[in-house]
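Counted from 1, the sequence shown has number 318 at position 297 by my numbering; the numbering is strictly sequential. Structure first, commentary second.
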Amino acid sequence: MTLDGSQKLLCMKPGKKFCVLLAVSVLLSMTTAAQTNVNHLTTNTLSAAELIEDSPAHTARIAWWREAKFGMFITWGLHSILAGEWQGKEIPGNAEWIMTKAKIPVADYEKLAGQFNPVKFDAEAWVQLAQDAGMKYVVFVAKHHDGFALFDSKADSFNIVKRTPWQRDPAKELADACARHHLKFCVYYSHNLDWHEPNSTASRDQGPGSDHDFGKYMRDKALPQVRELLTGYGPLGLVWFDMGGGLKRDQARAFVDLVRALQPDCLINSRISKSMVQCDYITKGDHSIPSRPSLGDWETADTMNDTWGYQKFDQNWKSAAVVVFNLVDVVSKGGNYLLNVGPTAEGVIPAPCPENLRAAGRWLKVNGEAVYGCGHSPFGPEMGAESPTEKDPKTGKPVFITAKDWRCTTKPGRLYLHFFKWPEPPFELAGVRGEVRKAYLLADVKRTPMGVKQTGDKVSLTLPGKVPDSLATVVCLEVAEAARP
Numbered sequence: 022m023t024l025d026g027s028q029k030l031l032c033m034k035p036g037k038k039f040c041v042l043l044a045v046s047v048l049l050s051m052t053t054a055a056q057t058n059v060n061h062l063t064t065n066t067l068s069a070a071e072l073i074e075d076s077p078a079h080t081a082r083i084a085w086w087r088e089a090k091f092g093m094f095i096t097w098g099l100h101s102i103l104a105g106e107w108q109g110k111e112i113p114g115n116a117e118w119i120m121t122k123a124k125i126p127v128a129d130y131e132k133l134a135g136q137f138n139p140v141k142f143d144a145e146a147w148v149q150l151a152q153d154a155g156m157k158y159v160v161f162v163a164k165h166h167d168g169f170a171l172f173d174s175k176a177d178s179f180n181i182v183k184r185t186p187w188q189r190d191p192a193k194e195l196a197d198a199c200a201r202h203h204l205k206f207c208v209y210y211s212h213n214l215d216w217h218e219p220n221s222t223a224s225r226d227q228g229p230g231s232d233h234d235f236g237k238y239m240r241d242k243a244l245p246q247v248r249e250l251l252t253g254y255g256p257l258g259l260v261w262f263d264m265g266g267g268l269k270r271d272q273a274r275a276f277v278d279l280v281r282a283l284q285p286d287c288l289i290n291s292r293i294s295k296s297m298v299q300c301d302y303i304t305k306g307d308h309s310i311p312s313r314p315s316l317g318d319w320e321t322a323d324t325m326n327d328t329w330g331y332q333k334f335d336q337n338w339k340s341a342a343v344v345v346f347n348l349v350d351v352v353s354k355g356g357n358y359l360l361n362v363g364p365t366a367e368g369v370i371p372a373p374c375p376e377n378l379r380a381a382g383r384w385l386k387v388n389g390e391a392v393y394g395c396g397h398s399p400f401g402p403e404m405g406a407e408s409p410t411e412k413d414p415k416t417g418k419p420v421f422i423t424a425k426d427w428r429c430t431t432k433p434g435r436l437y438l439h440f441f442k443w444p445e446p447p448f449e450l451a452g453v454r455g456e457v458r459k460a461y462l463l464a465d466v467k468r469t470p471m472g473v474k475q476t477g478d479k480v481s482l483t484l485p486g487k488v489p490d491s492l493a494t495v496v497c498l499e500v501a502e503a504a505r506p
């Protein structure tokens with residue numbers, strides 16, 4: 022996992038009929054695309070004539086994802102054995118990048134497979150944790166940049182079944198557990214970087230060069246492994262591609278065509294490529310939450326601490342309060358929140374992740390109506406403002422100062438006010454479109470009305486004197502013509 026640029030998916034506001042998708046202009050043979058050397062491919066982008074308005078297939082495909090809002094990312098692999106340390110030295114940065122950061126030779130890294138024996142792995146427990154946290158889908162890293170597959174691959178022997186003493190297929194066990202718990206099972210696949218394969222893109226800074234036969238890597242490993250995932254692990258909610266910036270348009274489309282042919286309902290994220298190929302939603306930069314609402318379908322991928330894979334030196338864990346705030350913040354801006362855990366080499370999701378995630382899940386059990394399927398805030402000032410004095414040294418633009426007192430999520434006819442800092446009564450809200458017919462605490466099963474005064478678009482709420490919930494208290498406003506997300 023690493024920050025990668027995402028292309029713009031041109032979408033109009035939800036609630037309107039037209040959604041602009043990136044479409045395939047000419048279907049090329051996947052075999053031809055795989056066998057073609059990267060230097061011979063074009064970098065054309067789609068023309069306006071190739072854009073499709075209001076695609077029924079996309080609308081149907083992404084409906085579950087728009088409702089879900091919250092997912093679990095799981096980054097695991099041989100790097101978990103090293104836990105951020107090589108030859109007695111701490112290797113700073115993302116733990117799953119240790120092979121390249123520490124310049125570990127391929128032969129030495131391969132030997133780690135003989136030590137990988139996660140005897141405490143329990144797919145049922147991992148999926149149960151995701152469900153307890155209120156998450157609706159699981160994205161499992163099936164192959165990261167080190168090239169080691171965490172599934173039973175026939176296409177390449179460098180995998181968890183053939184090279185480890187454990188000899189089990191965690192992807193299959195997780196897929197089965199997700200099916201039992203009615204969560205969407207999804208996979209991450211690093212389709213461009215593969216440090217184990219000399220013909221793949223060697224690093225994030227170096228695109229495929231003349232000494233690489235990238236087509237051979239696609240033909241012999243990457244495309245066959247994606248095919249295995251699409252045909253052997255049940256219906257996939259999405260394939261989460263990463264680091265596709267070095268791919269040419271035709272190469273990226275070979276992966277897209279394969280997914281569309283085998284599982285038409287499977288989503289594809291924007292990191293498939295930086296070239297303009299068809300995708301279903303935008304993945305923002307790692308840990309990146311926009312300052313203001315962002316239109317279209319998008320997600321933020323974040324971690325429970327500061328790294329993706331397990332690193333014993335990183336103990337900067339997110340509390341339940343931070344998890345809840347980030348989730349609501351993302352949803353209030355129109356996105357999904359994909360939150361990562363990095364299990365240990367034994368197969369244990371480290372503390373305090375389970376405790377904090379379950380606390381967030383308990384909050385969602387009470388307040389999930391204000392998160393799942395919700396749209397972005399119709400307001401804006403609650404999110405913060407640009408500093409009048411401080412400027413970003415890189416861009417020269419004013420620094421955005423994030424406010425964290427409250428957020429708003431929406432559904433037709435309802436405004437949900439999430440209070441993270443309990444305001445002094447009365448609470449004043451401007452810009453409310455439509456008549457407020459009723460206001461109440463969402464946690465109140467009796468839906469006892471609270472005092473409301475309204476003058477035009479200005480509303481005054483008489484809130485209880487004490488904060489009802491330490492994580493976040495949600496007040497629901499039933500509005501005759503609430504602003505649509």
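Built from N, CA and C at the ideal position, the CB exists for glycine as well. Just so you know, these numbers come straight off a predicted model, no measurement behind them.
According to the DSSP assignment, TRP86 belongs to the alpha helix (DSSP H) that extends over 77-89. Listed in chain order, the beta strand (DSSP E) runs fully inside the region 128-166 are 158-164, counting runs of at least 3 residues. Nearest to GLN332 by C-alpha distance, out of TRP107, HIS79, VAL349, is TRP107. Checking the DSSP bridge columns, you'll see MET93 partnered with VAL159, LEU360. Check the Cα spacing between CYS429 and each of ALA464, THR494, GLU367: the tightest is with THR494.
If you ignore the 5 residues before and after PHE334, its C-beta comes within less than 6 Å of the C-beta of GLY105, GLU111, all in its own chain and listed in chain order. SER398 sits buried, since 16 or more C-beta atoms from the chains shown fall within 10 Å of its C-beta.
Non-local C-beta neighbours of GLY368 in its own chain, meaning closer than 6 Å and more than five positions away in sequence, comprise PRO139, LYS141, PHE142, ordered along the chain. Contact between GLY267 and ARG292 does not hold, since their C-beta atoms are separated by about 12 Å, which reaches or exceeds 8 Å. Of the residues LEU204, LEU250, MET239, the one whose Cα lies closest to the Cα of VAL162 is LEU250.
Shown here, TRP118 sits in a helix according to DSSP, grouped into three states. Per DSSP, PRO447 has no beta-bridge partner at all.
When C-beta atoms of the region 482-497 are compared with those of the region 451-465, three or more pairs fall below 8 Å, so the two segments count as touching. In its chain, beyond the 5 residues on either side, GLY168, TYR238, LYS242 have a beta carbon closer than 7 Å to the beta carbon of GLU218.
By DSSP's assignment, ASN290 forms a beta bridge with TYR302. In the DSSP assignment, TRP384 falls within the alpha helix (DSSP H) that extends over 374-388. Where THR494 is concerned, the enclosing beta strand (DSSP E) starts and stops at 494-500.
Ranked by how close their Cα comes to the Cα of ALA406, the residues PRO414, PHE421, ASN388, PHE400 have PHE421 in first place. Closest in alpha carbon position to ASN377, among GLU390, ALA391, VAL392, ASN361, is ASN361. With a beta-carbon spacing of about 6 Å, VAL208 and LEU257 fall inside the 8 Å limit used to define contacts. If you compare the alpha carbons of PRO364, GLY317, LYS425, THR483 with that of ARG87, the shortest gap goes to GLY317.
Under the Cβ criterion (8 Å, minimum of three pairs), the region 121-128 does not count as touching the region 308-328. When rounded, the separation of the alpha-carbon atoms in PHE448 and VAL457 is 14 Å. By DSSP's assignment, PRO419 forms a beta bridge with LYS412.
Excluding its 5 nearest sequence neighbours in each direction, LYS205 has C-beta neighbours in its own chain below 6 Å: TYR158, GLY258, listed in chain order. A distance of 7 Å or more separates the beta carbons of ALA381 and VAL351. A Cβ-Cβ separation of about 5 Å places LEU133 in contact with ILE102 under the 8 Å criterion. With respect to VAL473, LEU450 sits apart: the two C-beta atoms are not nearer than 7 Å. Ranking LYS90, SER76, HIS79 by CA distance to the CA of ASN357 puts LYS90 first. Pairwise C-beta distances place the region 400-414 out of contact with the region 169-179, as fewer than three of them are shorter than 8 Å. Look at ASN337 here: in three-state DSSP terms it is coil, with no helix or strand label. Non-local beta-carbon contacts of ARG313 in its own chain, meaning distances under 8 Å to residues more than five positions away in sequence, involve LYS354, GLY401, MET404 in chain order. The Cβ atoms of ARG435 and ASP153 lie no closer than 7 Å to each other. Looking at the backbone, the Cα of TRP187 and that of HIS79 are separated by about 40 Å. In the structure shown, ARG248 adopts helical secondary structure according to DSSP, grouped into three states. The shortest C-alpha to C-alpha distance from ASP271 to any of PHE235, TYR254, LEU484 is the one to PHE235.
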